[in-house]
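These notes are about the structure you will find just below.
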Amino acid sequence: MKLSFRAILIVCTMLLAGVPRILRAQYPVLTGMHEGKEIRYWVDKILVKFNEGLSEDSRQKFARDFDARIIRHHFGEWYSLDLPKGTDPLDLVPIMLARPEAAFVEADGVITAADDFSNQWGMDNTGQTINPPGGPITGTADADIDASEAWLITKGNASVRIGIVDTGIDSIHPDFSNGGQLASNFLILVGSNLDFGDPNKPWDLNGHGTRMTGNMAAIHGNNVGIRGVAPNCTFLPIRINNTSTTSAAEGVEFAAQNSAKVINASWGDPNGEFSQIIEDAILFAGEEDALVVAVGGNGTGPIWYPANYSDEYSNLITVTASDHNDNKAMPTTSGSDISVAAPGRYTYTTFLGQTWNWFNAASSSQATAYASGVAGLVRSFYPDLSAEETRWVLQNTADKVGSSSYSTDK
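With the numbering used here applied, the sequence shown covers 1411 to 1820.
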């Protein structure tokens, strides 16, 4: 079963009882000329500053006259209008400006921060050329998770906690901290280090946890490094001994006990060997309504445990890796127990030593971190969804890619 997270928030009609339709988030980017300059801007939406004193009825009538709808009030008299699909907002600027209700009208431009976001093809793939070691490599446009489009709707909510059960984090990394102090989207709990050392300091000595954390949690707008999928969620770093099933199980339980709604588990047993203590931890997480996002596995062998038991746990979703061309990243596992695929090769992320670098190898761990971030966005936007319903949304709104035959009846 091979799915991609492209367009994850462009969700079609929900089949689950009580699950409403998710807002349309797909605003493709156009390039055009405005006042003699080339600009990039979002299609299907436009910004209007109405004249002061205009009534709500008048604003709504203005929108209806263009078959548009007001979707957001920003500040003052500025509003965003959603336009009919395929509408180029530059065509409407002079027409709308001619109306007496409008003071200013402009397309919603695309801005670029002074970071390395262009390296993150998994977030926004324009077909750009990236330069990892051994590169350059050119991708396929839209072979990504459509993060930029999703962020128009939400970047997460602090009420949604994501537990990162891994080797800890680099607590002074510039993409996690402000002036050497962990950013406010991180919550360090008493007892969050289940490995050796100070039990209250889940600091990373391995590097794996720091790489996973960057994909999910890296700060936006700090003009350095990368951008995480769900930066406005709250993150619970939990350091475990990455060679111990007992430690891993304790980490999952600790996350669930402390109100994590998503638990990232970028680890597993490569032999697919069942573990009762891991199962009990996953079942406990389910009782606490936590979605466990588990790695499918690397290499050409069997699907790793607990991913190979995904049918047994309604609160478990399993992830393999895709590449910059929407192909399966080789070598990573595949099979009927894999729920979805996400970007997992030539990923640019946070490293120990307050740096950023490429992780070239195919890695379902990286993919799992991406998927956990997306789950955090979904649970932020729809806080009433259960863990099982969130799994359903992820599986059934992902894009089918490749020629493999598979279904979402899991």
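The C-beta atom is built at its ideal place from N, Cα and C for all residues, glycine as well.
Buried or exposed for residue i, please, with buried defined as at least 16 other CB atoms from any protein chain shown within 10 angstroms of its CB.
{"i": "F1791", "result": "buried"}
{"i": "A1808", "result": "buried"}
{"i": "Q1776", "result": "buried"}
{"i": "T1800", "result": "buried"}
{"i": "N1588", "result": "exposed"}
{"i": "L1804", "result": "buried"}
{"i": "H1484", "result": "exposed"}
{"i": "M1622", "result": "buried"}
{"i": "K1738", "result": "buried"}
{"i": "R1450", "result": "exposed"}
{"i": "M1740", "result": "exposed"}
{"i": "P1641", "result": "buried"}
{"i": "N1529", "result": "buried"}
{"i": "F1684", "result": "exposed"}
{"i": "G1706", "result": "buried"}
{"i": "R1431", "result": "With a pLDDT of 28 at R1431, under the threshold of 50, the modelled position of this residue cannot be trusted, and the question is left open."}
{"i": "R1479", "result": "exposed"}
{"i": "D1733", "result": "buried"}
{"i": "E1466", "result": "exposed"}
{"i": "G1624", "result": "buried"}
{"i": "L1507", "result": "exposed"}
{"i": "G1754", "result": "buried"}
{"i": "G1661", "result": "buried"}
{"i": "G1607", "result": "exposed"}
{"i": "D1721", "result": "exposed"}
Specify the secondary structure class of residue i as computed by DSSP and reduced to three states.
{"i": "F1664", "result": "helix"}
{"i": "V1803", "result": "helix"}
{"i": "D1492", "result": "strand"}
{"i": "P1543", "result": "coil"}
{"i": "M1443", "result": "strand"}
{"i": "D1467", "result": "helix"}
{"i": "S1669", "result": "coil"}
{"i": "S1774", "result": "helix"}
{"i": "A1435", "result": "Legend: pLDDT at A1435 = 40, less than 50; position of this residue unreliable, no value from coordinates given."}
{"i": "G1783", "result": "helix"}
{"i": "I1648", "result": "strand"}
{"i": "L1502", "result": "helix"}
{"i": "I1379", "result": "No answer is possible for residue 1379: the residues shown for the chain start at 1411 and end at 1820."}
{"i": "D1475", "result": "helix"}
{"i": "S1732", "result": "strand"}
{"i": "D1721", "result": "helix"}
{"i": "H1630", "result": "coil"}
{"i": "E1559", "result": "helix"}
{"i": "F1596", "result": "strand"}
{"i": "Q1796", "result": "One point to set straight first is that residue 1796 is Ser, not Gln, in the sequence displayed. Reduced to three states, the DSSP call for S1796 is coil."}
{"i": "S1790", "result": "helix"}
{"i": "F1460", "result": "strand"}
{"i": "P1697", "result": "With the sequence shown as reference, residue 1697 is identified as Glu, and Pro is not the correct amino acid for it. Helix at E1697."}
{"i": "S1581", "result": "coil"}
{"i": "A1551", "result": "coil"}
{"i": "L1615", "result": "coil"}
{"i": "L1604", "result": "coil"}
{"i": "F1485", "result": "coil"}
{"i": "G1754", "result": "coil"}
Tell me, to the nearest whole angstrom, how far the beta carbon of residue i is from that of residue j; I am working on the premise that it is less than 8 Å.
{"i": "F1694", "j": "A1666", "result": "6 Å"}
{"i": "A1517", "j": "P1499", "result": "4 Å"}
{"i": "D1534", "j": "A1553", "result": "At roughly 10 Å, the Cβ-Cβ gap does not stay under 8 Å, so D1534 and A1553 are not in contact."}
{"i": "N1610", "j": "G1619", "result": "At roughly 16 Å, the Cβ-Cβ gap does not stay under 8 Å, so N1610 and G1619 are not in contact."}
{"i": "A1691", "j": "E1663", "result": "5 Å"}
{"i": "G1875", "j": "L1646", "result": "Residue 1875 lies beyond the stretch modelled for the chain, which goes from 1411 to 1820, so this question has no answer here."}
{"i": "L1592", "j": "N1668", "result": "Contact doesn't hold; Cβ gap of about 16 Å is too wide."}
{"i": "W1766", "j": "G1617", "result": "Wrong, their Cβ atoms sit about 12 Å apart, outside the cutoff."}
{"i": "A1512", "j": "V1453", "result": "A1512 to V1453, Cβ: 20 Å. No contact."}
On a Cα-Cα basis, can you pick out the residue from the options that is closest to residue i?
{"i": "G1672", "options": "A1779, N1541, N1806, L1604", "result": "As written in the sequence, residue 1672 is Val, which differs from the Gly given in the question. When each option's Cα is compared against that of V1672, the closest is A1779."}
{"i": "D1699", "options": "T1759, R1789, G1617, S1773", "result": "R1789"}
{"i": "N1725", "options": "D1736, E1798, P1680", "result": "E1798"}
{"i": "Q1470", "options": "G1486, W1766, A1593, D1492", "result": "D1492"}
{"i": "T1577", "options": "N1642, W1488, A1675", "result": "A1675"}
{"i": "G1549", "options": "P1680, P1753, G1537, L1507", "result": "G1537"}
{"i": "A1751", "options": "P1543, R1482, D1736, F1586", "result": "D1736"}
{"i": "N1806", "options": "P1793, A1785, G1624", "result": "A1785"}
{"i": "G1709", "options": "I1547, P1793, L1507, S1774", "result": "S1774"}
{"i": "W1714", "options": "I1688, W1677, S1732, V1702", "result": "W1677"}
{"i": "F1472", "options": "L1597, L1502, P1546, I1636", "result": "L1502"}
{"i": "N1770", "options": "N1681, F1514, I1540", "result": "I1540"}
{"i": "N1567", "options": "W1613, F1596, K1495", "result": "F1596"}
{"i": "R1637", "options": "K1495, G1783, A1731, E1689", "result": "G1783"}
Say whether chain D places a C-beta atom closer than 8 Å to the C-beta of residue i.
{"i": "A1553", "result": "No chain D is part of this structure, which consists of one protein chain only."}
- [ ] Could you tell me whether the segment 1558-1565 touches the segment 1741-1755, using the rule of 3 or more Cβ pairs below 8 Å?
- [x] no
- [ ] Could you tell me whether the segment 1642-1652 touches the segment 1591-1606, using the rule of 3 or more Cβ pairs below 8 Å?
- [x] yes
Task: Meets three-Cβ-pair contact criterion under 8 Å: the segment 1750-1759 and the segment 1623-1636 - done: yes
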